[in-house]
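What follows is one structure encoded as structure tokens, with my remarks underneath.
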Amino acid sequence: MQGLSEIADANGLSVRISPKGVLNFQYRFLWAGKYQRVSIGQYPSVSLKDARNIADELKVLIFSGADPRSYFTKSSSSRAISGCIRHSSSVSSSR
1 MQGLSEIADA NGLSVRISPK GVLNFQYRFL WAGKYQRVSI GQYPSVSLKD ARNIADELKV
61 LIFSGADPRS YFTKSSSSRA ISGCIRHSSS VSSSR
């Protein structure tokens with residue numbers, strides 16, 4: 001395999017595979033009339049399920065008029081805390 005290979009998933013999510021076999025999830029989107037790409041993270045640190053969830057969150061940002069690259073400028077701890085809060089509330093509501 002030479003160079004990068006790319007496999008599209010859905011809704012702008014894809015995975016790029018390096019010549020060394022490193023899998024990197026990316027989200028492709030249209031911003032200000034130009035296609036942009038943002039890296040979500042590498043497998044296995046980021047699972048396919050997590051990458052799909054993040055891609056969905058990025059899509060919501062686009063629809064609200066925010067640049068999805070701003071998602072990654074938040075501190076990772078604030079994302080982790082908000083993820084825990086969402087998880088906790090969904091567990092509570094299912095009881």
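Each step along the sequence shown adds one to the number in full-length UniProt numbering, with nothing skipped, and position 37 is 37. Heads up, the beta-carbon is just placed ideally off N, CA and C, and yes, glycines get one too.
If you run the structure through DSSP and keep just helix, strand and coil, what is residue 18?
To locate residue 18, count along the sequence shown from 1; it is residue 18. Residue 18: coil per DSSP, three-state reduction.
Rounded distance between the beta-carbons of residue 13 and residue 55, thought under 8 Å:
Translated into the one-based positions of the sequence shown, residue 55 becomes position 55. Translated into the one-based positions of the sequence shown, residue 13 becomes position 13. Going by Cβ atoms, the distance from residue 55 to residue 13 rounds to 4 Å, so yes, they are a contact pair.
8 Å Cβ cutoff met for residue 23 and residue 42:
Against the sequence shown, residue 23 aligns to sequence position 23. Against the sequence shown, residue 42 aligns to sequence position 42. Contact: yes.
Can you tell me whether DSSP reads residue 11 as helix, strand or coil?
Walking along the sequence shown from the start, residue 11 turns up at place 11. Coil at residue 11, not helix or strand.
If you run the structure through DSSP and keep just helix, strand and coil, what is residue 71?
Within the sequence shown, numbered from 1, the residue matching residue 71 stands at position 71. Helix at residue 71.
Buried or exposed: which applies to residue 35, given that a residue is buried once 16 or more other Cβ atoms fall within 10 Å of its Cβ?
The residue labelled residue 35 in the question sits at position 35 within the sequence shown. With fewer than 16 other Cβ atoms within 10 Å, it is exposed.
Just to confirm, are residue 27 and residue 40 a CB contact at a threshold of 8 Å?
Working through the sequence shown from its first residue, we reach residue 27 at position 27. Working through the sequence shown from its first residue, we reach residue 40 at position 40. Contact: yes.
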